[in-house]
Amino acid sequence: MTSGFLWHERYMWHSTGIAAGQLPAGGFVEPDNHIESVPSKRRFRNLIEVSGLIDHLVPLKPRLATEDELLRFHTPDYIRRVKQMSDAGFGDGGEHAPIGPDSYDIARLSAGGCIVGLDAVVEGRVRNAYVLNRPPGHHAEADRGRGFCLFGNVAIAVLHGLAECGLGRVATFDWDVHHGNGTQKAFYDRSDVLTVSVHQDTYYPQESGSLEERGVGAGQGYNINVPLPAGSGHGAYLEMVKRVVAPAFRAYRPDLIVVPSGFDANGMDPLGRQMCTSDTYREMTLLLMELAEELCGGRLLMCHEGGYSPVYVPWCGLATLEALSGQRTAAEDPYLPGFLATLAGQEVQPWQLSVIDAAASYVADIE
Ligand SMILES: [Zn+2]
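134 is the number that numbering that gives the first Met the number 0 gives to position 135 of the sequence shown; each next residue is one higher, with no gaps.
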C-alpha cells in the first residue's frame, strides 16, 4: 500500500492578516490573530515527520493551477479580482476570505496541489493521497471567496479529473464541520459527481446545508447533506458513514472518492461544536478505504480544509494518515484517554439518529 503526501512550505506564507478569531478587528474588537492561520497545519506536518510516518509516504510536489483550470469553476472577473487584490497585498475575496501578498499564486498552488494529488491517485502512482494544502477551498463559489477559501480546490481538481483523466463518476464526502457549499454548488445540476456533506446544523454558511438541498435538474438526488446537531461525536459520525455514505457510494459506484478533509469537528476545535476524536477520523478513514477497495480500486484522495486547534489537528491528521498508509507509529494521542474519548454523549443519540436516517432515506434515489 502506498500513500502520497503533498505539502509545500509556501502554503504557510498565505497571510490572513490582523483579525480577532474569524472576524475583522476594529471598534471594540482588539486586534489579534486570524483564526485561519499557520500553526494547525505546520504542527500537523511536523507530527508526520517527528512520528516517523513521513518515511513511509510518497512525497508529492504541487504545481500552480493554470488559469484555464481555475476557469472550469470560477468566473474570469472573480479570478481577476483575486489577482488584483493579491498584487495590492490585501483585500477580501468576498465574505471572510482574506487575501494577502501573493495569495493569488499560493491559492493557485493550493488548487494545483489537489490536481497533482488526483493525478497521482488516478494514474496509480499511489493508492491514496493526502494533500495538506492552504488556503482551503470548499466554501469558495464561482464568483466569490467565502469562509477563508479563495479557489474551490476540490471542485477544480474533480473537474480536471472528469475533463482530462477519463473519470466518469466521482463521489465526494466532506467531513469538515462546516457545510461544503462551494463543492455542492459546483456540481448541483450534474449527476457525474455525487456530493455528500456532513456538518454542524445551521452553522456556516447559515443559509445552506439543509436536508432539503438535494440537487436540481440532472443533479436531482445527487447531493446529500447530513446536518448533525451540535454536540454530535464519535458514535454519530461513524453511524452516519455506515448508514448514509457507505450505501450511497455503493449505489453510485464512483471511479474515485474525494474527501474535503477539515478537522474542525474535533472536540477541541475553537469554531466547531462537535466532539470527534482522532479515533473518529481513523475509523472513518478505514471505512472509506474499504469502500474505495470495493468500488474503485482503492482510489481515495483527501484534501485539507478547516481545523483550527493547533493542539489537536495534528493528532487527527496523524490518525488519518496512519490509516491511509497502513502504518502505526509510536505516537499515541495523549488527549484521548480520560478526556475526549470518555466525554459523555460520544455514543450516537436519538436526535442525531433521526437526522442520519432522514439522509439515509435519500440513498434509494441514487442510480
Ligand atoms: Zn470548516
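Every residue gets a Cβ at the ideal spot worked out from N, C-alpha and C, and that includes glycine.
Only a predicted model underlies this, so the values are computations on that prediction, with no experimental measurement involved.
For ligand 1, is there a heavy atom less than 8 Å away from the beta-carbon of residue i?
i: Val176; result: yes
i: Gly306; result: yes
i: Gly372; result: Since the first residue of the chain shown is 0 and the last is 366, residue 372 is not available in this structure.
i: Gly271; result: yes
i: Gly146; result: yes
i: Asp118; result: no
i: Gly261; result: yes
Which residues does DSSP pair with residue i in a beta bridge?
i: Cys275; result: Asn265
i: Asp318; result: For the record, residue 318 in the displayed sequence is Ala; it is not Asp. Bridge partners of Ala318: none, in fact.
i: Tyr129; result: Phe4, Met301
i: Ile98; result: Gly90
i: Asn32; result: Ile17
i: Leu59; result: Leu5
Got a sec? Which residues, its chain only, sit under 8 Å from residue i by beta carbon, not counting five neighbours each side?
i: Arg298; result: Val120, Val121, Arg126, Asn127, Asp254, Leu255, Ile256, Ala291
i: Asp91; result: Met84, Pro97, Ile98, Gly144
i: Ala318; result: Ser277, Asp278, Tyr280, Arg281, Thr284, Asp332
i: Met267; result: Ser308, Val310, Tyr311, Tyr334, Leu339
Could you please give the first and the last residue of the uninterrupted alpha helix (DSSP H) stretch that includes residue i?
i: Ile47; result: 38–49
i: Asp104; result: 102–121
i: Ser260; result: From DSSP, Ser260 is part of no alpha helix (DSSP H) but of the beta strand (DSSP E) over 255–260.
i: Ala357; result: 349–359
i: Gly230; result: Neither: Gly230 is in no alpha helix (DSSP H) and is coded neither H nor E.
i: Glu66; result: 66–70
I need the DSSP call for residue i, collapsed to helix, strand or coil.
i: Asp54; result: helix
i: Ser14; result: coil
i: Thr171; result: strand
i: Ile223; result: strand
i: Glu140; result: strand
i: Ala247; result: helix
i: Cys295; result: helix
i: Gly25; result: strand
i: Arg145; result: strand
i: Ile78; result: helix
i: Leu166; result: coil
i: Ile155; result: helix
i: Tyr187; result: coil
i: Arg327; result: coil
i: Val362; result: helix
i: Pro285; result: The sequence shown places Leu at residue 285, not Pro. In this structure, Leu285 counts as helix in the three-state DSSP scheme.
Can you name, in chain order, every residue of its own chain whose Cβ lies under 6 Å from the Cβ of residue i, other than the five neighbours on each side?
i: Thr279; result: His233, Tyr236
i: Tyr361; result: Ile223
i: Val312; result: Ser39, Phe43, Phe262, Gly306
i: Leu270; result: Asp263, Tyr307
i: Leu117; result: Ala156, Gly160, Leu300
What first and last residue would you give for the beta strand (DSSP E) that runs through residue i?
i: Ser196; result: 192–199
What does a CB cutoff of less than 7 Å around residue i pick up in its chain, not counting 5 residues either side in sequence?
i: Ala435; result: With the chain covering only 0 through 366, there is no way to say anything about residue 435.
i: Arg272; result: Gln199, Ala229, Gly230
Would you say the beta carbon of residue i is closer than 8 Å to some non-hydrogen atom of ligand 2?
i: Gly51; result: As for ligand 2, it is missing from this structure, which binds only ligand 1.
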